[in-house]
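K.L.:
Residue numbers (full-length UniProt numbering): 1 to 518. Built from N, CA and C at the ideal position, the CB exists for glycine as well.
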Amino acid sequence: MYMLGYMYEKGYGISMDISMAIYWYGEAAKLKFGKAYNTLGNIYEKGIGVQKDDKKAYEYYKNGADLGEISCYTNLGQMYENGQYVEENIHQAVYWYQRAVQKNCAKAQLALGKIYYYGMSPNYNFMEAIKLFQKSAEQGEAEAQVYLGLCYENGYGVVKDYVMAKINFEKASMQNDVLGSLYLGKIYMKENNINAALNCFLISLSKGSVDALYYIGKLYDKEEEENNNGNGNSNNGLLTSCMNTIGSDGLSKSLSSSSYLLTTDKNMALKYYLQAAEKGHSLAQYRLGNHYCQHKKYILALYWYLKSSHLSKSQNALGQFYELGLDSEFKKARKLTGLTLDCLLHYSIEQLYSLYNHYCQMVQTSNNNNNNNNNNNNNNNNNEGEDDSEPRSNLKEAKKWYYRSILQGNADAAFNLGQLYETRCFDFSKLTGEEEEEENKSKTIKNEKMATDKNQESLSSRDEFTQPLPTHQLSPEEIAEGQSRYIQKAILLYEKAKKLGSKEAVERLKQLQFIAYH
């Protein structure tokens, strides 16, 4: 009866008919055949040919579990873990997973291992997670092989073992596992085995991986990778001939080619980053911000940095962006088009680039008109206000983004903010009237403190940056006192950057110490 139901469900030898499949599974269940209960539970949980019904799914799984069906143990555990029909209950999830684990169920070993791995259970036991992943991986569970590979790669609960990590990723990749192929590709990237890395990323891409789009972009962007590593040599090259295997939807259409011409191609890197960024990949968005910043397309850079602004590196980039006054292009666009920051962030990619092209045309027209006017009268613009396109530092915004990045442990942001305090903040004369008004209206940003250094003086924003600026002319004594305060804040930030691994901070602290003694 169960096999007859299975034939109706899959359409083997007869027309597919879910209603008849459910009937025969039900007949088998009446005879207390546990597997039939589990299959019926799956049908209703996933809504296969019927309306999704978690209540019925739970009841079938529970009846099967009462008969000792191992798969029902695991599925009940998942329902308790995810809060499907029943209230979320990790204790109950662990209970049912453990019953299945006792029967050597690979899926339950994986599920219970993940609970321990992520510390979801009060009885957190990382070593037990490793053991469970190993048992599940030995039975061929691809996801367990991936987790085991990650443990070996990062030294989670085991001694770091690059070879074992690679072996486990290879096993998962051989089963066409998306993450297994992706992580194996990353290992090949580290080994500079570009062809092998590309093959792995294409396999992952064929399964719909957005991460794969990003990493293929990184393969094309080898020059930047080498610069990031301090190499500076951009002649090792990358792939160019694989693009014919990629459709417009970004998915691999063919993986038959096994050889590639290696060359760096910034345009192809940009194309892959855009595809990944459009799908919400934060690192790709950050890379696009860097690209457009380098090419002085600051509106586009600002858009992508803000899109990825939960990343510490994007927050640090935004700090530098505002410190250098690179938002001047956006201010000019706001003046010409009425564009607001909130509106910009809600634009689609097509709208973004259409707006930017329109803005560039308006700027060109405006420049041509100004040139014509200047030819008629060179003094016409002598008394005009300052050009909005000229870079003018926004120290308040710069500081805000640096702080956010520091709270995520970014050493570069700590060093950059230290430099800002040391060299810029006390010079009130450089702040514009607009910035002064903003400073006078600003409020304290609450709860900003150093998360990784609780005993150190808090680096919250309740300081001179957020206090109203003096309206009177500063005396030399007041300037000197202000400079001293800022130097002390800079030193605290350099110390923070040093603890986070900044070599620049180490050198700057040595220089300041030398100056203090001489």
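Below 8 Å CB to CB, which residues in the same chain sit around residue 10 once its five sequence neighbours on both sides are set aside?
P.N.:
Counting from 1 along the sequence shown, the entry for residue 10 is found at position 10. Excluding sequence neighbours, residue 10 sits near 16.
K.L.:
Pairing CB atoms from the stretch 159–167 with CB atoms from the stretch 118–128, are three or more of them under 8 Å?
P.N.:
No, the stretch 159–167 is not in contact with the stretch 118–128.
K.L.:
How far does the alpha helix (DSSP H) with residue 305 in it extend, from its first residue to its last?
P.N.:
To locate residue 305, count along the sequence shown from 1; it is residue 305. Per DSSP, residue 305 belongs to the alpha helix (DSSP H) from 298–307.
K.L.:
Look at the alpha carbon of residue 403 and the alpha carbon of residue 414, and state the distance between them as a whole number of angstroms.
P.N.:
Working through the sequence shown from its first residue, we reach residue 403 at position 403. Working through the sequence shown from its first residue, we reach residue 414 at position 414. Cα to Cα, residue 403 sits roughly 8 Å from residue 414.
K.L.:
Out of 179, 72, 118, 151, point me to the one whose CA is closest to residue 103's CA.
P.N.:
The residue labelled residue 103 in the question sits at position 103 within the sequence shown. When only C-alpha atoms are compared, the closest one is 72.
K.L.:
So, under 8 Å CB-CB, residue 307 and residue 264 are touching, yes? Tell me the CB distance rounded to an integer number of Å.
P.N.:
The sequence position of residue 307 within the sequence shown is 307, counting from 1. The sequence position of residue 264 within the sequence shown is 264, counting from 1. With 8 Å as the limit, residue 307 and residue 264 do not qualify as a contact, their Cβ atoms being about 25 Å apart.
K.L.:
DSSP on residue 176, reduced to helix/strand/coil?
P.N.:
Position 176 of the sequence shown, counted from the first residue, corresponds to residue 176. Residue state, collapsed to three classes: coil.
K.L.:
Put residue 330 into one of helix, strand or coil per three-state DSSP.
P.N.:
Here residue 330 refers to the residue found at position 330 when the sequence shown is read from its first residue. If DSSP states are grouped into helix, strand and coil, residue 330 belongs with the helices.
K.L.:
First and last residue of the alpha helix (DSSP H) that includes residue 12?
P.N.:
In the sequence shown, counting from the first residue as 1, residue 12 sits at position 12. Element bounds for residue 12: n/a, residue is neither H nor E.
K.L.:
Per DSSP, what kind of secondary structure is residue 53 in: helix, strand or coil?
P.N.:
Translated into the one-based positions of the sequence shown, residue 53 becomes position 53. In this structure, residue 53 counts as coil in the three-state DSSP scheme.
K.L.:
May I have the straight-line CA-CA distance separating residue 68 from residue 96, to the nearest angstrom?
P.N.:
Numbered from its first residue, the sequence shown carries residue 68 at position 68. Numbered from its first residue, the sequence shown carries residue 96 at position 96. Going from the Cα of residue 68 to the Cα of residue 96 covers about 11 Å.
K.L.:
What residue range is occupied by the uninterrupted alpha helix (DSSP H) comprising residue 161?
P.N.:
Mapped onto the sequence shown, residue 161 falls at position 161. Taken as a continuous stretch (DSSP letters only), residue 161 belongs to no alpha helix (DSSP H), as it is neither H nor E.
K.L.:
With DSSP as the reference, label residue 103 as helix, strand or coil.
P.N.:
For the purposes of this step, residue 103 is identified with residue 103 of the sequence shown, where counting begins at 1. Here residue 103 sits in coil by DSSP.
K.L.:
Count the other CB atoms, across all protein chains shown, that sit within 10 Å of the CB of residue 465; report buried if there are 16 or more and exposed otherwise.
P.N.:
Within the sequence shown, numbered from 1, the residue matching residue 465 stands at position 465. In this prediction, residue 465 has a pLDDT of 44, which is less than 50 and means its spatial position is unreliable; what the coordinates show is noted afterwards. The residue in question, residue 465, is buried, as its Cβ has 16 or more Cβ neighbours within 10 Å.
K.L.:
Give me the Cβ distance between residue 329 and residue 292, rounded to the nearest whole Å; I'm assuming they're in contact under 8 Å.
P.N.:
Against the sequence shown, residue 329 aligns to sequence position 329. Against the sequence shown, residue 292 aligns to sequence position 292. Not a contact, Cβ separation roughly 11 Å.
K.L.:
Kindly list the residues whose CB is nearer than 8 Å to the CB of residue 491, restricted to its own chain and excluding five residues on each side of it in sequence; keep chain order.
P.N.:
As a working mapping, residue 491 is identified with position 491 in the sequence shown. Result list for residue 491: 418, 509, 512, in chain order.
K.L.:
Would you tell me roughly how many angstroms separate the C-alpha atoms of residue 309 and residue 192, rounded to the nearest one?
P.N.:
The residue labelled residue 309 in the question sits at position 309 within the sequence shown. The residue labelled residue 192 in the question sits at position 192 within the sequence shown. Taking the straight line from one Cα to the other gives about 30 Å.
K.L.:
My output table needs one value for residue 275: the three-state DSSP class, helix, strand or coil.
P.N.:
Counting from one through the sequence shown, the residue named residue 275 turns up at place 275. Correct three-state label for residue 275: helix.
K.L.:
Quick check on the DSSP output: the alpha helix (DSSP H) that includes residue 404 runs from which residue to which?
P.N.:
Position 404 of the sequence shown, counted from the start, is the residue given in the question as residue 404. Start and end: 395–406.
K.L.:
Could you check where the alpha helix (DSSP H) with residue 48 kicks off and where it finishes?
P.N.:
Position 48 of the sequence shown holds residue 48. Element bounds for residue 48: n/a, residue is neither H nor E.
K.L.:
Are residue 324 and residue 366 closer than 9 Å when you measure CB to CB?
P.N.:
If you number the sequence shown from 1, residue 324 lands on position 324. If you number the sequence shown from 1, residue 366 lands on position 366. Against a cut-off of 9 Å, the Cβ pair of residue 366 and residue 324 comes out as no contact.
K.L.:
Taking only the alpha-carbon atoms, compute the straight-line gap between residue 408 and residue 119 and give it to the nearest angstrom.
P.N.:
By 1-based counting over the sequence shown, the position of residue 408 is 408. By 1-based counting over the sequence shown, the position of residue 119 is 119. Near 21 Å, if we compare the C-alpha coordinates of residue 119 and residue 408.
K.L.:
With DSSP collapsed to three states, give me the class of residue 322.
P.N.:
Taking the sequence shown and counting its residues from 1, one reaches residue 322 at position 322. It is helical.
K.L.:
For a quick check, are the C-beta atoms of residue 24 and residue 41 less than 9 Å apart?
P.N.:
Reading the sequence shown from its first residue, position 24 is the one you call residue 24. Reading the sequence shown from its first residue, position 41 is the one you call residue 41. Going by C-beta atoms, residue 24 is not nearer than 9 Å to residue 41.
K.L.:
So, are the CB atoms of residue 204 and residue 219 less than 9 Å apart?
P.N.:
Start at 1 with the first residue of the sequence shown, and residue 204 comes out as number 204. Start at 1 with the first residue of the sequence shown, and residue 219 comes out as number 219. Cβ distance not < 9 Å, so residue 204 and residue 219 don't count as in contact.
K.L.:
Do you know offhand how far residue 65's Cα is from residue 277's?
P.N.:
Walking along the sequence shown from the start, residue 65 turns up at place 65. Walking along the sequence shown from the start, residue 277 turns up at place 277. Approximately 45 Å, taken between the alpha carbons.
K.L.:
Could you check what DSSP says for residue 310 in three-state terms: helix, strand or coil?
P.N.:
The residue labelled residue 310 in the question sits at position 310 within the sequence shown. Coil at residue 310, not helix or strand.
K.L.:
Note the first and the last residue of the continuous alpha helix (DSSP H) segment covering residue 217.
P.N.:
Numbered from its first residue, the sequence shown carries residue 217 at position 217. 210–220 is the span of the alpha helix (DSSP H), which, as asked, contains residue 217.
K.L.:
Could you please give the first and the last residue of the uninterrupted alpha helix (DSSP H) stretch that includes residue 594?
P.N.:
Any answer about residue 594 is impossible in this case: the structure gives the chain only from 1 up to 518.
K.L.:
For residue 441, is the classification buried or exposed, using 16 other Cβ atoms within 10 angstroms of its Cβ as the cut-off for buried?
P.N.:
For the purposes of this step, residue 441 is taken as residue 441 along the sequence shown, with counting starting at 1. Its pLDDT being 44, under 50, residue 441 is placed unreliably by the model, and nothing is read from it.
K.L.:
Between the C-alpha atoms of residue 33 and residue 314, what's the straight-line distance to the nearest angstrom?
P.N.:
Looking up residue 33 in the sequence shown gives position 33. Looking up residue 314 in the sequence shown gives position 314. Distance between the alpha carbons of residue 33 and residue 314 is about 57 Å.
K.L.:
Could you check where the alpha helix (DSSP H) with residue 415 kicks off and where it finishes?
P.N.:
Numbered from its first residue, the sequence shown carries residue 415 at position 415. That run of the alpha helix (DSSP H) goes 411–423.
K.L.:
In this structure, does DSSP put residue 340 in helix, strand or coil?
P.N.:
Position 340 of the sequence shown, counted from the first residue, corresponds to residue 340. Looking at residue 340 - three-state DSSP - the assignment turns out to be coil, as it is neither helix nor strand.
K.L.:
Measure the alpha-carbon distance for residue 29 versus residue 18 and round it to whole angstroms.
P.N.:
Residue 29 sits at position 29 when you count from the first residue of the sequence shown. Residue 18 sits at position 18 when you count from the first residue of the sequence shown. If you take the alpha carbons of residue 29 and residue 18, they lie about 16 Å apart.
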